[in-house]
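K.L.:
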Amino acid sequence: MTDEAILIKELSNEKTKEKAFRELITLYKEPLYWHIRKIVISHDDADDVLQNTFIKIFKNITKFKQKSKLYSWMYRIATNESITFMNKRAKERTVDVFEIKTQLISDLESDQWFSGDEIQFILQKAIAALPNKQQLVFNMKYFDALKYTEISKILNTSVGGLKASYFHAVKKIEIYIKNNKHN
Amino acid sequence: MKVAAKNSENYIKKMFGKKPGFKVPKGYFKEVDKLFFIKRSTSNFPKKTGFTTPENYFDSLESSILENYKTTKPFKKTRSLSAKIIRFSPFAVAASVLLFIGINYFSFPTRLNYNIENIAITEVEKWVQENINIINSNDLSLAFETSDFKESELIFSSVNNNEIEEYLQTMETLSFTNEIK
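So the protein sequences, as listed, match chains A and B.
Our numbering runs 33 ahead of the 1-based position in the first sequence.
Our numbering runs 22 ahead of the 1-based position in the second sequence.
1. Within its chain, find whatever has a CB closer than 6 Å to the CB of Phe-97(B); leave out the 5 residues flanking it on each side and keep chain order.
2. So, helix, strand or coil for Phe-147(A), using DSSP?
3. Only counting the same chain, and skipping five residues up and downstream in sequence, which positions put a Cβ closer than 7 Å to that of Phe-87(A)?
4. With Phe-97(A) as the anchor, note down where its alpha helix (DSSP H) starts and where it stops.
5. Rounded to whole angstroms, what is the Cα-Cα separation between Lys-70(B) and Pro-112(B)?
6. Have a look at the DSSP bridge pairing and note the partners of Phe-73(B).
7. So Phe-67(B) and Ile-208(A) are in contact, right, with Cβ under 8 Å, and what is the actual spacing, rounded?
8. Which residues, in chain order, does the region 76-93 of chain A contribute to contact with chain B at a C-beta distance below 7 Å?
9. Report the three-state DSSP secondary structure of Asn-46(A) (helix, strand or coil).
10. May I have the straight-line CA-CA distance separating Ile-60(B) from Phe-200(A), to the nearest angstrom?
11. Please decide whether Ile-138(A) counts as near chain B, where near means a Cβ-Cβ distance under 8 Å.
12. Find the nearest neighbour of Ile-160(A) within the set Thr-64(B), Val-25(B), Ala-27(B), Met-23(B), judged by alpha-carbon distance.
13. Any idea if Glu-132(A) is buried or exposed, counting beta-carbon neighbours within 10 angstroms, 16 or more meaning buried?
14. Answer yes or no: does any C-beta atom of chain B fall closer than 8 Å to that of Ala-111(A)?
15. For Val-128(A), does the three-state DSSP call read helix, strand or coil?
16. Would you kindly report the start and end of the unbroken alpha helix (DSSP H) that includes Leu-179(A)?
17. Give the straight-line distance between the Cα atoms of Thr-35(A) and Asp-150(A), rounded to the nearest whole angstrom.
18. Within 10 angstroms of its Cβ, does Ala-53(A) collect 16 or more other Cβ (buried), or is it exposed?
19. Restricting to Cα atoms, I'd like to know which of Leu-83(A), Asn-85(A), Ile-110(A) is closest to Lys-96(A).
20. Can you tell me whether Asp-55(B) is helix, strand or coil according to DSSP?
21. Measure the Cβ-Cβ separation of Lys-166(A) and Ser-198(A) and say whether it is below 8 Å.
22. Check the Cβ-Cβ distances between Lys-98(B) and every residue of chain A, and say whether any is below 8 Å.
23. Under a three-way DSSP split, which group does Asn-189(A) fall into?
24. Helix, strand or coil, according to DSSP, for Leu-163(A) in the structure here?
25. Kindly indicate which residue of Ile-39(A), Ile-187(A), Glu-142(A), Asn-212(A) has the alpha-carbon position closest to the one of Gly-72(B).
26. Checking 8 Å against the spacing of the C-beta atoms, do Ala-202(A) and Phe-171(A) come in under that value?
27. Please compile the residues from chain B whose C-beta is within a distance smaller than 9 Å of the C-beta of Trp-146(A).
28. Looking at chain A, is there any beta carbon in it that lies within less than 8 Å of the beta carbon of Tyr-91(B)?
29. Does any residue of chain A have a CB that is nearer than 8 Å to the CB of Lys-70(B)?
30. Can you check whether the C-beta of Gln-157(A) is within less than 8 Å of a C-beta belonging to chain B?
31. Quick check on the burial criterion: 16 or more other C-beta atoms within 10 angstroms. Buried or exposed for Ser-115(A)?
32. Run through chain A and tell me which residues come within less than 9 Å of Phe-58(B), C-beta to C-beta.
33. Please classify Arg-70(A): is it buried, with 16 or more other beta-carbons within 10 angstroms of its beta-carbon, or exposed?
34. Taking Cβ-Cβ distances shorter than 8 Å, what residues in chain B pair up with Lys-71(A)?
35. From Glu-31(B) to Phe-44(B), what distance separates their C-alpha atoms?
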């Protein structure tokens, strides 16, 4: 039995559930956090979404059919929780999600949890200007270095579609950076 | 020496052909230009996002999440308001129909059994006056017998010559011709 299979078994067992859950958090807290953070931008929001993501994982672990890797399944939950969070925030303020994201990026310059230089700030603005799908694909491919086959399982999109999304995202970002870089 | 080398080369060609035997993924050469573009472009992108976290944030995350999990209420499937309305709408419709039927049955007056003899003459006259435009004179003539009319009650017994002349002047010749036929 693989390590993953053992962990899933322990998560489903009442006696070993809590210990296994703690182990699960240790293993995946950082990759999931950074994935969420790239979507919701703010650290405080990322922390909330991460908490909700793990609670959802814990509550639904018995429903995990093991048709994909555990990490892909968790990544998918994190993605959905992040998108839901942003949609909810937009609905509360009766604005578009794009506006929310633009505002969050604008606030990055004064954000204590952002230490990027000018080019990193421009890159974040360029990413925020992309359509939602391209943002996700770019972040997962470029920053997280996931394979297309892994991203395909997470986003439920074909590899061909992902390659096209990534290509267009890179093209748009390059143009954006060239147009907005001062130096 | 050269002949020997040539023989060896021919032998290899014969055994293995000129192809090296390597394969590439399907459609690789169609995408290779895009791959080169991506590689070239992203080489100029910053490698890090610039995002940071509070010091020791990840250290206490396990305990924080587990504590949060223990204090959250059991997961309840919440339905949106529209879902609740849709769920109960068949019952609402059925109840409305029953209520309507009940109200109709108990509060609306019993339908009268209409019989031609029960209709008051005044009601008929009122209806004729209000609907004179749609009444066809031929239909009316079919409905009456000569014996139904008392000569003294007929309209034309009180019509004077001037009124007749006026009537004739308003008629079209064709209509008049048809009438006297």
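A virtual CB, placed ideally from N, CA and C, is assigned to each residue, including glycine.
Keep in mind that this is a model prediction, so the values were computed, not measured.
P.N.:
Taking the definition as stated:
1. Legend: pLDDT at Phe-97(B) = 46, less than 50; position of this residue unreliable, value from coordinates given subsequently. Around Phe-97(B): no qualifying Cβ.
2. Secondary structure at Phe-147(A): strand, using DSSP grouped into helix, strand and coil.
3. The answer, listed in chain order, is Ile-58.
4. It is not in any alpha helix (DSSP H) - Phe-97(A) carries neither H nor E in the DSSP assignment.
5. Rounded to the nearest angstrom, the gap between the Cα atoms of Lys-70(B) and Pro-112(B) is 56 Å.
6. DSSP lists Phe-147(A) as the bridge partner or partners of Phe-73(B).
7. In fact, because the Cβ distance is near 13 Å, the residues do not count as touching under 8 Å.
8. Closer than 7 Å at the C-beta level to chain B, one finds these residues of the region 76-93 of chain A: His-76, Gln-84, Phe-87, Ile-88, Phe-91, Lys-92.
9. In the structure shown, Asn-46(A) sits in coil (DSSP, three-state: anything other than H, G, I, E or B).
10. Approximately 7 Å, taken between the alpha carbons.
11. No, Ile-138(A) does not count as interfacial toward chain B.
12. The candidate whose alpha carbon is nearest that of Ile-160(A) is Thr-64(B).
13. The residue is exposed, with fewer than 16 neighbouring Cβ atoms inside 10 Å.
14. No, Ala-111(A) lies away from the interface with chain B (no Cβ there is under 8 Å from its Cβ).
15. Three-state DSSP puts Val-128(A) in coil, outside helix and strand.
16. Annotation: Leu-179(A) is outside any alpha helix (DSSP H) and is labelled neither H nor E by DSSP.
17. In a straight line, the C-alpha of Thr-35(A) is about 43 Å away from that of Asp-150(A).
18. Buried: at least 16 other Cβ atoms inside 10 Å.
19. If you compare the alpha carbons of Leu-83(A), Asn-85(A), Ile-110(A) with that of Lys-96(A), the shortest gap goes to Ile-110(A).
20. Helix at Asp-55(B).
21. Yes; because the gap between Cβ atoms is below 8 Å, this pair is in contact.
22. Low confidence applies here, because Lys-98(B) scores a pLDDT of 47, under 50, leaving its location unreliable; read the following figure in that light. Under the 8 Å criterion on CB atoms, Lys-98(B) is classed as non-interfacial with respect to chain A.
23. If DSSP states are grouped into helix, strand and coil, Asn-189(A) belongs with coil.
24. For Leu-163(A), the three-state secondary structure derived from DSSP is coil.
25. Cα-wise, what sits closest to Gly-72(B) is Glu-142(A).
26. Their beta carbons are under 8 Å apart, which means Ala-202(A) touches Phe-171(A) by this criterion.
27. Correct list: Phe-73, Thr-74, Thr-75, Pro-76.
28. It does: the Cβ of Tyr-91(B) has a partner Cβ on chain A nearer than 8 Å.
29. Chain A contact via Cβ: present.
30. Taking 8 Å as the threshold, the shortest C-beta distance from Gln-157(A) to chain B falls below it.
31. Taking all protein chains in view, the Cβ of Ser-115(A) is crowded by 16 or more other Cβ atoms within 10 Å, so the residue is classified as buried.
32. Here the premise fails: no neighbours, minimum Cβ distance about 11 Å.
33. Per the 10 Å Cβ criterion, buried.
34. The contacting residues are Thr-71, Phe-73.
35. Whole-angstrom Cα-Cα distance: 20 Å.
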